[in-house]
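Structure record follows, encoded as structure tokens.
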Amino acid sequence: MRIAFPLFDGFTALDLVGPYEILRMLPGAEIVLAGERAGQAVPDGVGGLGLVATHARAEVCAADVLLVPGGPGVRRDVDDPALLEWITAVHATTRWTASVCTGALVLGAAGLLTGKSATTHWSAVRELESYGATYTPERVVTHPGGRLIIGAGVSAGIDLAITLAAELTSTAHAQAYQPGLEYDPRPPYDAGSLAKAPAEAKALLGVGEEDPGA
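Per my numbering, the sequence shown runs over residues 793 to 1006.
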């Protein structure tokens, strides 16, 4: 079960590490962190931590699962033809191709979301739709026939990975992973979406009336 995550400068750590903590437990899981070169330390979007690529992308021609994280660096990578060609080639071999947060923009730029419903971080909705996708404000959007599963912003990657684990193994496996990680979210404030956030919180985020969900 080869699970490949592309690494790029400026990824968001939880976009990748959240799903990793679930998917690493799949039977026979082999985690591949694919960077420009093996052994490369790739910094996250704030430069506070990094991950080391286990493989060069050129060495990874196929995967059972391809999961693209988002992050500030995505805006640069949607214009990287080598990355988009690699995404398209590996997608042709996968059982499932997934994205978290603004990683959906990479799938969109690769032409994989044209005419499909998809989700992303609320701040990237217009960019997502510029690639021919239709935004839907769901936490996880699944296209079984198209082998695509798309997660909304950052923390939604954990929900996506649990959903994906059930598809790849069984509901019982996916349910077992939750208590294994004690994943039982009870946030201290019920403000995790723009629809729920109070005006003061939106003001701190700089959210305007034109933002989806505002």
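Cβ atoms here follow ideal geometry from the backbone N, Cα and C, with glycine treated the same way.
For residue 844, the enclosing beta strand (DSSP E) starts and ends at 842-844. A distance below 6 Å between beta-carbons, with the five flanking residues on each side excluded, links residue 940 to the following residues of its chain, in chain order: 889. In this structure, the alpha-carbon of residue 829 lies about 18 Å from that of residue 859. Note that the segment 816-825 touches the segment 961-979; at least 3 beta-carbon pairs, one per stretch, sit closer than 8 Å. Using a Cβ distance threshold of 8 Å, residue 930 and residue 911 count as a contacting pair. Counting only residues of its own chain and dropping the five nearest sequence neighbours on each side, residue 799 has a CB closer than 7 Å to the CB of 825, 826, 827, 834, 843 and 845. The beta-carbon separation of residue 901 and residue 852, rounded to 19 Å, does not stay under the 8 Å limit for a contact.
Sequence-distant partners of residue 916 (beyond 5 residues in either direction) whose C-beta falls short of 7 Å from its own C-beta, in its chain, are 894 and 897. Note that the segment 946-960 touches the segment 801-812; at least 3 beta-carbon pairs, one per stretch, sit closer than 8 Å. Between the alpha carbons of residue 978 and residue 933 lies a gap of roughly 22 Å. Here residue 827 carries a strand assignment [DSSP, helix/strand/coil].
For residue 858, the uninterrupted beta strand (DSSP E) segment begins and ends at 857-860. In the three-state DSSP reduction, residue 931 falls in the coil class, being neither helix nor strand. A straight-line Cα-Cα distance of about 10 Å links residue 935 and residue 905. Sorting 831, 850, 848 and 802 by C-alpha distance to the C-alpha of residue 837 places 802 at the top.
Of the residues assessed, residue 868 falls on the exposed side of the cut-off, its CB having fewer than 16 other CB atoms within 10 angstroms. In its chain, beyond the 5 residues on either side, 836, 837, 861, 862, 863, 893 and 946 have a beta carbon closer than 7 Å to the beta carbon of residue 804.
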